[in-house]
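Chemist: End of the sequence shown = 205 in this note's numbering, gap-free, step of one.
All C-beta atoms, glycine included, are put in the ideal place defined by N, C-alpha and C.
In this text the structure is predicted, and so the values were computed from the model without any measurement.
Below you'll find the structure I mean.
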Amino acid sequence: MILVGLTGGVATGKSTVAAMLKQCGAVVIDADLLARDVVTPGKPAWKEIVATFGKSVLNSDGTLNRHALGAIVFRHPAKRLVLERMIHPRVAREQKRLTREAARNNPNAVVIYDVPLLFEAGIDKRVDTTLIVTADRATQIARLKSRNGLSRAEAIRRIKSQMPLSKKIRLADHVIDGTLPLRQLRKQTAHLFKQLTMFS
(Lines of atoms letter the chains of each structure in order from A and count residues from 1; the text may use other names and numbers.)
(Lines give C-alpha, C1' and ligand atoms only; values in the text may rest on other atoms or scores of the structure.)
Protein backbone atom coordinates (compact mmCIF):
# COMPACT_ATOMS: atom_id res chain seq x y z
CA MET A 1 0.00 0.00 0.00
CA ILE A 2 1.11 3.56 -0.69
CA LEU A 3 -0.27 6.60 1.15
CA VAL A 4 -0.22 9.78 -0.93
CA GLY A 5 -0.71 13.22 0.61
CA LEU A 6 -2.67 15.33 -1.90
CA THR A 7 -2.77 19.09 -1.43
CA GLY A 8 -3.00 22.37 -3.31
CA GLY A 9 -4.15 25.89 -2.67
CA VAL A 10 -7.79 26.91 -2.42
CA ALA A 11 -9.53 26.56 -5.81
CA THR A 12 -6.54 25.01 -7.60
CA GLY A 13 -8.43 21.91 -8.77
CA LYS A 14 -7.40 19.53 -5.98
CA SER A 15 -10.89 18.00 -5.60
CA THR A 16 -11.11 17.44 -9.36
CA VAL A 17 -7.79 15.56 -9.35
CA ALA A 18 -8.89 13.56 -6.28
CA ALA A 19 -12.07 12.51 -8.13
CA MET A 20 -10.00 11.49 -11.17
CA LEU A 21 -7.65 9.42 -8.99
CA LYS A 22 -10.69 7.73 -7.46
CA GLN A 23 -11.93 6.86 -10.96
CA CYS A 24 -8.52 5.29 -11.61
CA GLY A 25 -9.02 3.02 -8.59
CA ALA A 26 -7.47 4.95 -5.69
CA VAL A 27 -9.07 5.06 -2.25
CA VAL A 28 -9.63 8.74 -1.43
CA ILE A 29 -9.84 9.96 2.16
CA ASP A 30 -11.06 13.57 2.26
CA ALA A 31 -9.82 15.58 5.28
CA ASP A 32 -12.57 18.20 4.79
CA LEU A 33 -15.29 15.52 5.01
CA LEU A 34 -13.64 14.07 8.13
CA ALA A 35 -13.46 17.58 9.61
CA ARG A 36 -17.18 18.09 8.94
CA ASP A 37 -17.94 14.77 10.60
CA VAL A 38 -15.99 15.50 13.80
CA VAL A 39 -17.91 18.77 14.30
CA THR A 40 -21.44 17.41 13.97
CA PRO A 41 -23.73 18.66 16.77
CA GLY A 42 -23.08 17.08 20.14
CA LYS A 43 -19.62 15.72 19.32
CA PRO A 44 -16.68 16.82 21.55
CA ALA A 45 -15.13 19.15 18.92
CA TRP A 46 -18.52 20.81 18.31
CA LYS A 47 -18.90 21.44 22.07
CA GLU A 48 -15.40 22.96 22.26
CA ILE A 49 -16.07 25.23 19.25
CA VAL A 50 -19.36 26.52 20.71
CA ALA A 51 -17.71 27.10 24.10
CA THR A 52 -14.84 29.02 22.45
CA PHE A 53 -16.50 30.94 19.60
CA GLY A 54 -20.08 31.25 20.90
CA LYS A 55 -23.46 30.39 19.42
CA SER A 56 -23.08 32.98 16.66
CA VAL A 57 -21.17 30.33 14.65
CA LEU A 58 -24.19 28.00 14.62
CA ASN A 59 -27.05 27.67 12.16
CA SER A 60 -30.61 27.58 13.50
CA ASP A 61 -30.53 23.74 13.45
CA GLY A 62 -27.42 23.66 15.66
CA THR A 63 -24.99 22.72 12.89
CA LEU A 64 -21.84 24.78 12.40
CA ASN A 65 -22.17 27.80 10.15
CA ARG A 66 -18.87 27.29 8.34
CA HIS A 67 -19.09 30.69 6.63
CA ALA A 68 -19.52 32.53 9.95
CA LEU A 69 -16.72 30.53 11.59
CA GLY A 70 -14.49 31.01 8.50
CA ALA A 71 -15.05 34.78 8.63
CA ILE A 72 -13.67 34.80 12.19
CA VAL A 73 -10.70 32.46 11.83
CA PHE A 74 -9.45 33.72 8.47
CA ARG A 75 -9.18 37.24 9.95
CA HIS A 76 -7.42 36.09 13.13
CA PRO A 77 -4.57 33.57 12.68
CA ALA A 78 -4.41 32.90 16.46
CA LYS A 79 -8.09 31.92 16.49
CA ARG A 80 -7.52 29.70 13.46
CA LEU A 81 -4.80 27.85 15.38
CA VAL A 82 -7.18 27.34 18.31
CA LEU A 83 -9.79 25.87 15.95
CA GLU A 84 -7.21 23.63 14.24
CA ARG A 85 -6.09 22.23 17.62
CA MET A 86 -9.69 21.18 18.26
CA ILE A 87 -10.19 19.51 14.91
CA HIS A 88 -6.86 18.18 13.57
CA PRO A 89 -6.09 15.45 16.15
CA ARG A 90 -9.59 13.99 15.74
CA VAL A 91 -9.33 14.06 11.95
CA ALA A 92 -5.87 12.39 12.13
CA ARG A 93 -7.23 9.50 14.21
CA GLU A 94 -10.06 8.91 11.73
CA GLN A 95 -7.66 9.11 8.75
CA LYS A 96 -5.40 6.46 10.30
CA ARG A 97 -8.39 4.18 10.93
CA LEU A 98 -9.61 4.51 7.31
CA THR A 99 -6.08 3.95 5.95
CA ARG A 100 -5.72 0.72 7.96
CA GLU A 101 -9.12 -0.39 6.67
CA ALA A 102 -8.08 0.30 3.03
CA ALA A 103 -4.85 -1.69 3.53
CA ARG A 104 -6.81 -4.63 4.96
CA ASN A 105 -9.19 -4.58 1.99
CA ASN A 106 -6.35 -4.32 -0.55
CA PRO A 107 -2.68 -4.69 0.48
CA ASN A 108 -1.68 -2.97 -2.82
CA ALA A 109 -4.06 -0.02 -2.45
CA VAL A 110 -3.17 3.49 -3.54
CA VAL A 111 -4.63 5.62 -0.74
CA ILE A 112 -4.97 9.35 -1.38
CA TYR A 113 -5.25 11.57 1.67
CA ASP A 114 -6.76 14.80 0.32
CA VAL A 115 -5.72 17.45 2.86
CA PRO A 116 -5.45 21.25 2.42
CA LEU A 117 -2.90 21.75 5.24
CA LEU A 118 -0.59 18.87 4.30
CA PHE A 119 2.66 20.78 4.83
CA GLU A 120 1.39 23.40 7.28
CA ALA A 121 0.23 20.76 9.78
CA GLY A 122 3.25 18.47 9.23
CA ILE A 123 1.05 15.71 7.78
CA ASP A 124 3.59 15.23 4.95
CA LYS A 125 5.73 13.37 7.55
CA ARG A 126 2.96 10.74 7.87
CA VAL A 127 2.61 9.92 4.15
CA ASP A 128 4.81 8.04 1.67
CA THR A 129 4.76 10.66 -1.08
CA THR A 130 3.21 14.07 -1.76
CA LEU A 131 1.26 15.56 -4.66
CA ILE A 132 0.28 19.18 -5.18
CA VAL A 133 -2.30 20.59 -7.61
CA THR A 134 -1.45 24.16 -8.61
CA ALA A 135 -3.10 27.13 -10.32
CA ASP A 136 -2.15 30.75 -10.89
CA ARG A 137 -3.58 33.33 -8.48
CA ALA A 138 -5.93 34.91 -11.06
CA THR A 139 -7.56 31.49 -11.64
CA GLN A 140 -7.86 30.89 -7.88
CA ILE A 141 -9.55 34.29 -7.36
CA ALA A 142 -11.95 33.79 -10.28
CA ARG A 143 -12.92 30.31 -9.03
CA LEU A 144 -13.43 31.49 -5.44
CA LYS A 145 -15.62 34.38 -6.60
CA SER A 146 -17.83 32.19 -8.79
CA ARG A 147 -17.81 29.00 -6.67
CA ASN A 148 -17.89 30.41 -3.13
CA GLY A 149 -19.41 33.83 -3.81
CA LEU A 150 -16.44 35.56 -2.18
CA SER A 151 -15.43 39.14 -2.90
CA ARG A 152 -11.98 39.68 -4.40
CA ALA A 153 -10.66 40.83 -0.99
CA GLU A 154 -12.10 37.75 0.76
CA ALA A 155 -10.65 35.48 -1.93
CA ILE A 156 -7.18 37.02 -1.54
CA ARG A 157 -7.41 36.72 2.26
CA ARG A 158 -8.34 33.03 1.91
CA ILE A 159 -5.41 32.42 -0.47
CA LYS A 160 -2.95 34.27 1.79
CA SER A 161 -4.07 32.27 4.84
CA GLN A 162 -2.35 29.23 3.31
CA MET A 163 1.31 28.50 2.67
CA PRO A 164 2.35 30.06 -0.69
CA LEU A 165 1.94 27.64 -3.59
CA SER A 166 5.54 28.29 -4.68
CA LYS A 167 6.76 26.88 -1.36
CA LYS A 168 4.42 23.86 -1.54
CA ILE A 169 5.69 23.10 -5.05
CA ARG A 170 9.27 23.00 -3.75
CA LEU A 171 8.24 20.58 -0.98
CA ALA A 172 6.07 18.25 -3.10
CA ASP A 173 7.22 15.06 -4.83
CA HIS A 174 4.68 15.38 -7.69
CA VAL A 175 3.06 18.46 -9.25
CA ILE A 176 -0.07 18.66 -11.43
CA ASP A 177 -1.30 21.87 -13.08
CA GLY A 178 -4.98 22.28 -12.12
CA THR A 179 -5.61 24.76 -14.94
CA LEU A 180 -5.06 22.19 -17.71
CA PRO A 181 -8.02 21.35 -19.98
CA LEU A 182 -9.97 18.45 -18.42
CA ARG A 183 -8.91 15.89 -21.01
CA GLN A 184 -5.25 16.71 -20.49
CA LEU A 185 -5.68 16.80 -16.72
CA ARG A 186 -7.30 13.35 -16.77
CA LYS A 187 -4.46 11.97 -18.89
CA GLN A 188 -1.76 13.37 -16.58
CA THR A 189 -3.58 12.12 -13.48
CA ALA A 190 -3.97 8.61 -14.94
CA HIS A 191 -0.25 8.56 -15.79
CA LEU A 192 0.61 9.52 -12.21
CA PHE A 193 -1.73 6.85 -10.80
CA LYS A 194 0.04 4.24 -12.91
CA GLN A 195 3.39 5.38 -11.45
CA LEU A 196 1.99 5.19 -7.91
CA THR A 197 0.72 1.62 -8.38
CA MET A 198 4.31 0.52 -9.07
CA PHE A 199 5.24 1.51 -5.52
CA SER A 200 2.15 0.17 -3.75
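For Pro121, does the count of other Cβ atoms within 10 angstroms reach 16, so buried, or fall short, so exposed?
Modeler: buried
Chemist: Taking the alpha-carbon positions, what's the Ala97 to Glu89 distance?
Modeler: 12 Å
Chemist: Identify whether His196 lies in helix, strand or coil by the three-state DSSP scheme.
Modeler: His196: helix per DSSP, three-state reduction.
Chemist: Taking only the alpha-carbon atoms, compute the straight-line gap between Val15 and Gly47 and give it to the nearest angstrom.
Modeler: 29 Å
Chemist: Could you spell out the range, first to last residue, of the alpha helix (DSSP H) harbouring Met72?
Modeler: According to the sequence shown, residue 72 is His rather than Met. Residues Arg71 to Val78.
Chemist: Run through the DSSP bridge pairs and tell me what Ile34 is partnered with.
Modeler: Tyr118
Chemist: Between Gln200 and Ala56, what straight-line distance do the alpha-carbon atoms span, to the nearest angstrom?
Modeler: 47 Å
Chemist: When the Cβ atoms of the segment 153–166 are set against those of the segment 95–113, are three or more pairs found closer than 8 Å?
Modeler: no
Chemist: Do Phe79 and Arg162 have their C-beta atoms within less than 8 Å of each other?
Modeler: Yes, these two residues count as a Cβ contact at 8 Å.
Chemist: Go ahead and pull the three-state DSSP assignment for Leu123.
Modeler: coil
Chemist: If we call anything under 8 Å between Cβ atoms a contact, is Ala40 one with Ile117?
Modeler: no
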